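Okay, so here's the structure we're looking at.
2 protein chains.
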Amino acid sequence: MPTIKEIAEMANVSRSTVSRALNNSGYVSEDARKRIEKVIKQTGYVPSEHAKALRTKKTKVIGVILPTIQTETSSKVVAGIDQVLANQGYQILLANTHLDREKEMEYVDLLKVRQVDGIILIATNTEDSLAKKLEELTIPVVVIGQEFEQIPSIVYDNYQAGRDVVSYLISKGHRQIGFVGVDEKDQAVGYLRKQAYLDEMETQQLSVEDTWIQRGVFDIDSGYDAAKRMIQHSNQRPTAIFAVTDRLAIGVMSYLKEVGLQVPKDVAIISIGASEISQYTVPALTTVDYHNEQAGIKAAEQILAYLDAKKISKKITLDYRLIIRNSV
Amino acid sequence: MPTIKEIAEMANVSRSTVSRALNNSGYVSEDARKRIEKVIKQTGYVPSEHAKALRTKKTKVIGVILPTIQTETSSKVVAGIDQVLANQGYQILLANTHLDREKEMEYVDLLKVRQVDGIILIATNTEDSLAKKLEELTIPVVVIGQEFEQIPSIVYDNYQAGRDVVSYLISKGHRQIGFVGVDEKDQAVGYLRKQAYLDEMETQQLSVEDTWIQRGVFDIDSGYDAAKRMIQHSNQRPTAIFAVTDRLAIGVMSYLKEVGLQVPKDVAIISIGASEISQYTVPALTTVDYHNEQAGIKAAEQILAYLDAKKISKKITLDYRLIIRNSV
DNA sequence: TTTAAACATGGTATCGATTCCACAATTTAC
DNA sequence: GTAAATTGTGGAATCGATACCATGTTTAAA
Numbered sequence: 002m003p004t005i006k007e008i009a010e011m012a013n014v015s016r017s018t019v020s021r022a023l024n025n026s027g028y029v030s031e032d033a034r035k036r037i038e039k040v041i042k043q044t045g046y047v048p049s050e051h052a053k054a055l056r057t058k059k060t061k062v063i064g065v066i067l068p069t070i071q072t073e074t075s076s077k078v079v080a081g082i083d084q085v086l087a088n089q090g091y092q093i094l095l096a097n098t099h100l101d102r103e104k105e106m107e108y109v110d111l112l113k114v115r116q117v118d119g120i121i122l123i124a125t126n127t128e129d130s131l132a133k134k135l136e137e138l139t140i141p142v143v144v145i146g147q148e149f150e151q152i153p154s155i156v157y158d159n160y161q162a163g164r165d166v167v168s169y170l171i172s173k174g175h176r177q178i179g180f181v182g183v184d185e186k187d188q189a190v191g192y193l194r195k196q197a198y199l200d201e202m203e204t205q206q207l208s209v210e211d212t213w214i215q216r217g218v219f220d221i222d223s224g225y226d227a228a229k230r231m232i233q234h235s236n237q238r239p240t241a242i243f244a245v246t247d248r249l250a251i252g253v254m255s256y257l258k259e260v261g262l263q264v265p266k267d268v269a270i271i272s273i274g275a276s277e278i279s280q281y282t283v284p285a286l287t288t289v290d291y292h293n294e295q296a297g298i299k300a301a302e303q304i305l306a307y308l309d310a311k312k313i314s315k316k317i318t319l320d321y322r323l324i325i326r327n328s329v
Numbered sequence: 002m003p004t005i006k007e008i009a010e011m012a013n014v015s016r017s018t019v020s021r022a023l024n025n026s027g028y029v030s031e032d033a034r035k036r037i038e039k040v041i042k043q044t045g046y047v048p049s050e051h052a053k054a055l056r057t058k059k060t061k062v063i064g065v066i067l068p069t070i071q072t073e074t075s076s077k078v079v080a081g082i083d084q085v086l087a088n089q090g091y092q093i094l095l096a097n098t099h100l101d102r103e104k105e106m107e108y109v110d111l112l113k114v115r116q117v118d119g120i121i122l123i124a125t126n127t128e129d130s131l132a133k134k135l136e137e138l139t140i141p142v143v144v145i146g147q148e149f150e151q152i153p154s155i156v157y158d159n160y161q162a163g164r165d166v167v168s169y170l171i172s173k174g175h176r177q178i179g180f181v182g183v184d185e186k187d188q189a190v191g192y193l194r195k196q197a198y199l200d201e202m203e204t205q206q207l208s209v210e211d212t213w214i215q216r217g218v219f220d221i222d223s224g225y226d227a228a229k230r231m232i233q234h235s236n237q238r239p240t241a242i243f244a245v246t247d248r249l250a251i252g253v254m255s256y257l258k259e260v261g262l263q264v265p266k267d268v269a270i271i272s273i274g275a276s277e278i279s280q281y282t283v284p285a286l287t288t289v290d291y292h293n294e295q296a297g298i299k300a301a302e303q304i305l306a307y308l309d310a311k312k313i314s315k316k317i318t319l320d321y322r323l324i325i326r327n328s329v
């Protein structure tokens, strides 16, 4: 791979002139420009990104920190980010935390060192230490999925979606409604969706047995386990269950099927996620589509807008859509 | 962020000494080293990767080119790669081709410019132009999923797996076996699996109707469509179908269910993939586990071994495992 | 005691770009 | 016809690190 120096020599100009031609800055005569272009075409020269980064402090790389790539949600978000970024010649440097909160912070540092132009963080918590670290950052950050006071974020309306979902179950005649959630440290998925469930139940003056509220992690098996606990230990069996993710819902269905309970006749199920598979389960899952690609797209756009010295909105709330299928 | 120069000044040594301390190269007195370490801790200094890259030509970044992140297969592979790489302080620069063959080549160039230390390519074709480009590369490459003559690759034994699968169906008493494949330009998934199917049928002296062979793309809907064509246009309906991916199989099942055919009583289904969801379909899918994380892990290990000046194997064939469930 | 390793340190060139500045050659304005 | 812009170009500094080389100081060997 040739360097700018060699290009300059071959075109019989100085490095400065080549650089000016490359970046369309300053004056370059038609004659010189032509010679330079010819040489560049001949040699297939491309300027070194590292040298450029060192000098200009711009890398055309955006760091993306995510809890795991092994879920449809994450990969959709990344696809959305990539779609926007690739268009503008940016690339994605990946940092996978494997759901480890420590690493979320570590990677922020690591990406800083790599001098990425910006960071998109798909967050799973809203701890102060993380917030502080993000605020101190001198490069633009956008958080997806959690809401921070001072940091631009793309959020889903988890609370409203939660209430809508429960309200929908009630409208279908259900009075005993169970809930399968996740760790409440996850403000968005854990806390808000649960709160929405509790509030809607209370508003509608419906009581909730303790055992109706179960907690799992983000996989199918824990949904299965949660359903098992709920069904085995409840005095009154719920006639409907709200699971906060599709995977949990699939696990729940799997347990119900095992013990001979029919969905939706005996127990209705509703969830949030709208994963590809949700329409092929039996019965097809009634779920909420969160437009994950859209989140990625918006996040990338926000970062680019910021880098373009345009202002950036502090918070964007995405809309969602209840997909009514056959599990309720 | 401070630079090495400032650290040197604060610790009262030269930049050379700081560099030596940082890299454990050459001599540094205990005394100096302590002072330097103290200053580094105080300031939170971390050396600039770009400056380092410029000087040393090493970036600690591996480029990963993949056809799409939106499949479980890809994300598992990436997870495997990440697992090994993160351990060694390497990061992943992502390049998503969206199944566009042109881009596969473009990204090789782009990653070259970014001076990545190595490239892992999850390939979908084996075209000569691509092979040539890869061979010309001066940095290590490992290809996953396709086999090239001169380039180290991690491959699944698609042919043998295909024959095993068909042979298993036959052992279960099936004689009329349909096939849902993909574009044969995809040597591994498209061509080899089909060839295996044809060969096994021939070896067992079973005939194959033209309409039993259908082609889709890599999604559920096209599996549905393929099944529809197969069922509607065949003289004799197959009693079993081999779909080359889980998603296609799920689509096939979805169509069969729609027209009232029972799985596996009326039509048995088998596929390759072992996606998470495959065990929760109804009935649970009999499928082949290809150990995708393993592919990622091996690829990353190969790249690192090469960078470590150790030799690299030209080809690694991964093993697979038939998971027998209830769809056959 | 002389000689040679081993240890310790700093100076300087270098990687491959960009950018500011000085200078020269043209053009334009008055 | 002179002053002032405009245009075109190259030199040199710079970004933040590494690495080679020269020099000086100790320590060990002969």
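The listed protein sequences correspond, in order, to chains L and A. In our numbering, each residue carries its 1-based index in the first sequence increased by 1. In our numbering, each residue carries its 1-based index in the second sequence increased by 1. Ideal Cβ positions, reconstructed from N, Cα and C, are used throughout, including at glycine. Remember, predicted model here, so these are calculated numbers, not experimental data.
DSSP three-state assignment for residue i, whether helix, strand or coil
i, result
"L:Gln177", "coil"
"A:Ile325", "coil"
"L:Arg97", "The sequence as given places Asn at residue 97 of chain L; Arg does not occur at that position. Strand, per DSSP."
"A:Gln339", "For chain A, the structure presents residues 2 to 329; residue 339 of chain A sits outside this window and is missing."
"L:Ile221", "helix"
"L:Ser272", "strand"
"L:Ser235", "coil"
"L:Ser154", "strand"
"L:Ile313", "coil"
"L:Leu262", "coil"
"L:Ile5", "helix"
"L:Leu305", "helix"
"L:Val183", "coil"
"A:Ile242", "strand"
"A:Gln92", "strand"
"A:Thr282", "coil"
"A:Leu319", "strand"
"A:Asp267", "coil"
Residue i: first and last residue of the uninterrupted beta strand (DSSP E) it sits in
i, result
"L:Thr287", "287-290"
"A:Leu122", "119-123"
"L:Val144", "142-145"
Nearest-angstrom Cα separation, counted from residue j out to residue i
i, j, result
"L:Arg21", "L:Ile304", "27 Å"
"A:Asn126", "A:Lys186", "6 Å"
"L:Asp211", "A:Ser235", "56 Å"
"L:Ile82", "L:Tyr321", "19 Å"
"L:Asp247", "A:Ala250", "20 Å"
"A:Glu103", "A:Lys133", "14 Å"
"A:Ala189", "L:Gln43", "36 Å"
"A:Met11", "A:Val40", "7 Å"
"A:His51", "A:Asp200", "54 Å"
"L:Met254", "L:Lys229", "10 Å"
"L:Phe243", "A:Val143", "45 Å"
"A:Asp101", "A:Leu131", "13 Å"
"L:Gly191", "A:Ser276", "26 Å"
"L:Val85", "L:Ala301", "6 Å"
"A:Ser154", "A:Glu137", "16 Å"
"L:Tyr35", "L:Ala87", "According to the sequence provided, residue 35 of chain L is Lys. The question's Tyr does not apply to it. So the two alpha carbons sit approximately 29 Å from each other."
"A:Ile120", "A:Ile63", "6 Å"
Continuous alpha helix (DSSP H) stretch holding residue i: start and end
i, result
"L:Asn1", "Given a span of 2 to 329 for chain L in the structure shown, any question on residue 1 of chain L remains unanswerable."
"L:Ala250", "247-259"
"L:Ser201", "For clarity, residue 201 of chain L is Glu in the given sequence; the question names Ser instead. Run containing L:Glu201: 194-204, per the alpha helix (DSSP H) assignment."
"A:Ala132", "129-137"
"A:Glu107", "102-114"
"A:Asn24", "16-24"
For the stretch 45-84 of chain L, which segments carrying the beta strand (DSSP E) assignment without a break, of at least 3 residues, lie completely within its bounds, in sequence order?
-> 62-67
What residues in the stretch 103-120 of chain A have a beta carbon less than 7 Å from any beta carbon of chain L?
-> Val114, Arg115, Gln116
Could you please tell me which residues of the stretch 74-85 of chain L, in chain order, have their CB closer than 7 Å to any CB of chain A?
-> Those residues of the stretch 74-85 of chain L that come within reach of chain A (Cβ to Cβ, closer than 7 Å) are Ser76, Lys77, Val79, Ala80, Asp83.
Note down, in chain order, all residues in the stretch 231-258 of chain L with a beta-carbon under 9 Å from any beta-carbon belonging to chain A.
-> Arg248, Ile251, Gly252, Met254, Ser255, Lys258
Between the stretch 281-306 of chain A and chain L, which residues of the former have a C-beta closer than 8 Å to a C-beta of the latter?
-> Tyr281, Thr282, Val283
Would you list, in chain order, the members of the stretch 47-59 of chain A that have their beta-carbon closer than 8 Å to a beta-carbon of chain L?
-> Under the 8 Å Cβ criterion, the stretch 47-59 of chain A contributes Val47, Pro48, Ser49, Glu50, His51, Ala52, Ala54, Leu55.
Of the residues that make up the stretch 87-101 of chain A, which ones have a beta carbon closer than 8 Å to any beta carbon in chain L?
-> Ala87, Gln92, Ile93, Leu94, Leu95, Ala96, Asn97
Could you please tell me which residues of the stretch 18-49 of chain A, in chain order, have their CB closer than 8 Å to any CB of chain L?
-> Val47, Pro48, Ser49
Between the stretch 181-197 of chain A and chain L, which residues of the former have CB atoms less than 8 Å from a CB of the latter, in chain order?
-> none
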